[in-house]
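Contents: one structure, followed by commentary.
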Amino acid sequence: MMADSATPSSSRPRKKKRNLMELPERFLNRELSWLQFNERVLEETANPDHPLLERLRFLSISASNLDEFYMVRYAGLREQVRAGLTRPGQDGLSPAQQVARIEEAAAKLMDDQQDRWLALCQEMADENIRVLSGSELNKADRAWLRNYFELHIFPIVTPLAVDPAHPFPFLPNLGFAIAVSMKSRNSGEQVTGLVPLPAFSSRFIQLPENKTTAQRFIPLEEVLLLFLDVLYPGFEASGHCMFRIIRDSDIEIEEEAEDLIREFEILLKRRRRGRIVRIRFVEGAPPALQDFIIREMEAEPSDVVTVRGLLGMNQLSELITDHNPDLLFPVYEPRYPERIREMGGDCFAAIRAKDILVHHPYESFDVVVQFIQQAAADPDVVAIKQTLYRTSSNSPIVAALIEAAEAGKNVTALVEIKARFDEEANLRLARDLERAGVQVVYGFIEYKTHAKVSLVVRREEGGLRTYTHFGTGNYHPQTARIYTDLSLFTADESLGRDAGRLFNFITAYREPPAEGPAFERIAMSPVGLEKHLVAKIEAEAENAKAGKPSGIWAKMNSLVDNDVIDALYRASEAGVPINLIVRGICCLRPQVEGLSETIHVKSIVGRFLEHSRIVCFANGHELPSRQALVYISSADWMQRNLKRRVEALVPILNPTVHRQVLNQIMVANINDDLQSWAMNPDGSYTRVQVANREEGFSAHRFFMDNPSLSGRGSALEVSLPPRLNPKKRSKA
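Going by this note's numbering, the sequence shown runs without a break in its numbering and finishes at 1720.
Take a look at the structure:
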């Protein structure tokens, strides 16, 4: 184990340190780290601080996450194994070794999911919410259900027979089906039937309330089994099995595709027919029927998994209704920046007065929408430039861009059609924008444009003024209600010029040049952001060596990049105290003697999904201080973000916003002990424990209860989180 081998020899400490930095084991495996994260999500199903149905939601999220993991990451590794690739990753594991360890860890995760489902079922029953099987229905229920089946299910379900005249059909990704062994009552002929669950029907059907006033649901597959006589009249069923498939859904694009749009349309169709990576059977399937399905689908033995319980847990969210509001989180209405309200809703006037940082979801995403809508309607606005990575259907931002173009403004939209699982939606919105006269740009073939930037040019006082929005999250009103993100609005001229250079860089070059454009303030990948980060980390190490105060605070979703991790290890060797808040994947090993003794890593998992990216450098002073260097970014510290994407790292220049990000947001996240998990040197996590939960500190609750520092108009009170005593915290 790395932790054991990390104890340096007292006689040769330098040699031991040099060996540690040369070992691939200094990096944790990315895929196993992700599975650890999904275990933390699943653990929230047992968190007593969450209402019952919210805990059920965490189970649904955990299942959905695992599906996507199989569709993309696991599928990719399986293809590498099939191709005979043996080159190890940065952690020293070959593709085959990774697959073996993933399968072991994922099997445990799926068992844990089933255990949590059984426990939640009991708690739900205690609250008069029940999920029934067909055998638990009474005569009245069956009569009601038969009528419902004939009206709402039978018209859209397609029962199939599989025989020489009817070959085994194609089942799409995430397809769920019931296979049935049947015998004709007339001829005695044996037939195999296949009933795919219809895509446009609810997975859980709510039964009418009975005398118990309970909320009762029945899964769709149970309904189909009840009415096999309607689906296959004249046949008698002798056995059945339920199964669900997952296909490879990653997309690879040819480097020199002549027509990028057409290429993606073809690949999206191919995705629906991707190679099978998993067939999940419900436990107890007749062996002959199971073997028939495996053979007909040309699956490999390693594709097959037996599930002890419920399939398709991602759809459990359908059971979460507003019938029991006391079993849900209390409704939270985000605040609106007071300064904009005091300016009569004039975003431009408020931003001219001083930079504003909007902290989502605690503050409304409506201000971002209003910023673009005001620009579209303002006759003095002459140009709008906008990146679109992910957005919602019927997006108000897209509608505003169309309105602006139709009004004759110069509108440019940089649409990233390679945003995984949103490619199809982005193709549609790109065409809508083009029809309205928007100049649509698709960016680079090899590099996704992940930066979140809006630029508005307005004619004022005989000249042009630029208003800029930099974000850490997507222009997506729905996810902005549950993702924690930051929106910086500024009229700073240098940041405006940099935003313009960023857009020009993407629209004018076929591929990134060896040296990027000269920015005044921001850094941008793939041509400079990683170098900038490493240089700042090294500067902290030099300060520590010189006896000056030093420190690094950073918050992100994932930490994978080997160059940045090694720079952090070197800074730790120099004595730099480093606090990292990494929600998901972390390939760095913290607190390893001789390697990362001063590095602490934690993960926060709770009501809101942590998504903002922040990094702070002490800059020769104790953190937090006014002299610290503070940045927000669209980029996680991963190879793909720093080397293969267009990302932005934006400095916080305004003193009030600086204080908000450093003293309010980062301090609160570091202090959180109610939703935090501490990372151990071996990559495992331990939930942070407090002696008295009533005295614990939740960053999410703090931000819900306390207004932000910027955008507050004439408010005088300053809301800062308490500096908690670290001795209060302990690990279980």
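Idealized CB from N, CA, C, for every residue including glycine.
Beta strand (DSSP E) containing Leu1148: first to last residue? Run containing Leu1148: Leu1148 to Val1150, per the beta strand (DSSP E) assignment.
Just tell me which of Val1060, Val1676, Ala1202 and Gly1181 has its CA closest to the CA of Ile1658. When only C-alpha atoms are compared, the closest one is Val1676.
State the Cα-Cα distance for the pair Val1515 and Leu1490, rounded to the nearest angstrom. When rounded, the distance between both Cα atoms is 11 Å.
Can the beta-carbon of Thr1456 be found less than 8 Å from the beta-carbon of Ser1475? In this structure, the beta-carbon distance from Thr1456 to Ser1475 does not fall below 8 Å.
If distances are taken between C-alpha atoms only, which option among Val1645, Arg1066, Glu1528 and Asn1017 comes closest to Arg1287? Note that residue 1287 corresponds to Ala in the displayed sequence, not to Arg. Of the candidates Val1645, Arg1066, Glu1528 and Asn1017, the residue whose Cα lies closest to the Cα of Ala1287 is Arg1066.
In three-state terms, what does DSSP make of Thr1294? Strand, per DSSP.
Any idea what DSSP makes of Leu1630, helix, strand or coil? Three-state DSSP puts Leu1630 in a helix.
Have a look at Ser1169 and Asp1236 and give me their C-alpha separation to the nearest angstrom. Just so you know, the alpha carbons of Ser1169 and Asp1236 end up roughly 29 Å apart.
Does the structure place the segment 1438-1454 close enough to the segment 1372-1379 that three or more beta carbon pairs sit under 8 Å? With a cut-off of 8 Å, the segment 1438-1454 and the segment 1372-1379 count as touching, because enough Cβ pairs lie within range.
Identify the continuous beta strand (DSSP E) that holds His1438 and give its terminal residues. Counting along the chain, His1438 falls outside any beta strand (DSSP E), and DSSP gives it neither H nor E.
If Leu1630 and Leu1547 are in contact, beta carbons under 8 Å, what's the gap, nearest whole angstrom? At roughly 11 Å, the Cβ-Cβ gap does not stay under 8 Å, so Leu1630 and Leu1547 are not in contact.
Inter-residue spacing [alpha-carbon to alpha-carbon] between Arg1075 and Ala1562: The straight-line gap from Cα to Cα measures roughly 33 Å.
Should Glu1244 be labelled buried (16 or more other beta-carbon atoms within 10 Å of its own) or exposed? Interpretation of Glu1244 is limited by its pLDDT of 48, a score under 50 that renders its predicted location unreliable; the figure taken from the coordinates is listed afterwards. By the 10 Å Cβ count, Glu1244 comes out exposed.
Quick one: give me the first and last residue of the beta strand (DSSP E) that Gly1484 is part of. No beta strand (DSSP E) holds Gly1484; the alpha helix (DSSP H) holding it covers Glu1481 to Ala1496.
Where the alpha helix (DSSP H) containing Leu1389 begins and where it ends: Looking at the DSSP string, the run of the alpha helix (DSSP H) that includes Leu1389 is Pro1384 to Glu1394.
If I follow the unbroken beta strand (DSSP E) through Val1618, where does it start and stop? Segment Leu1617 to Ser1621, the beta strand (DSSP E) holding Val1618.
Short of 8 Å in beta carbon distance, which residues of its chain neighbour Ala1364, apart from the five on each side in sequence? Order them along the chain. Excluding sequence positions up to five before and after Ala1364, its CB lies within less than 8 Å of the CB of Ile1372, Ala1388, Leu1389, Glu1391, Ala1392, Ala1395 and Lys1397, all in the same chain and listed in chain order.
Out of Glu1032, Glu1013, Glu1019 and Met1009, which has the shortest C-alpha to C-alpha gap to Trp1665? Measuring from the Cα of Trp1665, the nearest candidate turns out to be Glu1032.
Rank Ala1088, Arg1509 and Gly1582 by C-alpha distance to the C-alpha of Glu1010 and give the top, closest one. If we check each option's Cα against that of Glu1010, Gly1582 comes out closest.
Inspect the CB distances between the segment 1531-1546 and the segment 1585-1605 and report whether three or more fall short of 8 Å. Contact between the segment 1531-1546 and the segment 1585-1605 is established, with three or more Cβ pairs separated by less than 8 Å.
How far does the beta strand (DSSP E) with Phe1359 in it extend, from its first residue to its last? Not the beta strand (DSSP E): Phe1359 falls in the alpha helix (DSSP H), residues Asp1354 to Ala1365.
First through last residue of the alpha helix (DSSP H) which encompasses Leu1474: No alpha helix (DSSP H) holds Leu1474; the beta strand (DSSP E) holding it covers Tyr1471 to Thr1478.
Length at least 4, wholly inside the segment 1171-1245: the alpha helix (DSSP H) runs in chain order: Under the rule that a run must span 4 or more residues, the alpha helix (DSSP H) segments found entirely inside the segment 1171-1245 read 1208-1214 and 1216-1219.
With a floor of 4 residues, list each alpha helix (DSSP H) that falls wholly inside the segment 1633-1681, ordered by position along the chain. As far as the segment 1633-1681 is concerned, its whole alpha helix (DSSP H) runs of at least 4 residues are 1643-1647 and 1655-1659.
Return the chain-ordered list of same chain residues with a C-beta closer than 8 Å to the C-beta of Glu1526, the five sequence neighbours on each side being excluded. So the qualifying residues of the chain are Ala1555, Arg1558 and Ala1559.
Residues near Leu1100 by beta carbon distance below 8 Å, same chain, minus five either side: Per the sequence shown, the amino acid found at residue 1100 is Asp instead of Leu. Correct list, in chain order: Glu1027 and Leu1030.
Is it true that the segment 1446-1460 meets the segment 1413-1429, where meeting means three or more beta-carbon pairs spaced less than 8 Å apart? Here the segment 1446-1460 does not lie against the segment 1413-1429, with fewer than 3 beta-carbon pairs under 8 Å apart.
What are the boundary residues of the alpha helix (DSSP H) that includes Asn1531? Annotation for Asn1531: the continuous alpha helix (DSSP H) segment containing it runs Leu1517 to Lys1533.
Lys1127: first and last residue of the uninterrupted alpha helix (DSSP H) it sits in: Note, Lys1127: alpha helix (DSSP H), Lys1127 to Tyr1136.
From which residue to which residue does the beta strand (DSSP E) around Val1029 run? Going by DSSP, Val1029 is part of no beta strand (DSSP E) but of the alpha helix (DSSP H) stretching over Arg1018 to Glu1031.
Starting from the C-beta of Asp1661, find all residues in its chain whose C-beta is less than 6 Å away, skip the five residues before and the five after it, and write them out in chain order. Excluding sequence neighbours, Asp1661 sits near Val1676, Val1678, Gly1684, Phe1685 and Arg1717.
Which partner residues of Glu1351 appear in the DSSP bridge assignment? Looking at the DSSP assignment, Glu1351 forms a beta bridge with Arg1323.
Have a look at Ala1413, Asn1017 and Asn1035 and flag the residue whose alpha-carbon is nearest the alpha-carbon of Glu1253. Here the closest residue by C-alpha is Ala1413.
Classify Tyr1062 as helix, strand or coil using the three-state DSSP reduction. Judged by DSSP in its simplified three-state form, Tyr1062 adopts helix.
Grab me the residues of Ile1640's own chain with a C-beta within less than 6 Å of its C-beta, minus the 5 sequence neighbours each way, in chain order. Taken in chain order, the residues that qualify are Val1618, His1646 and Val1649.
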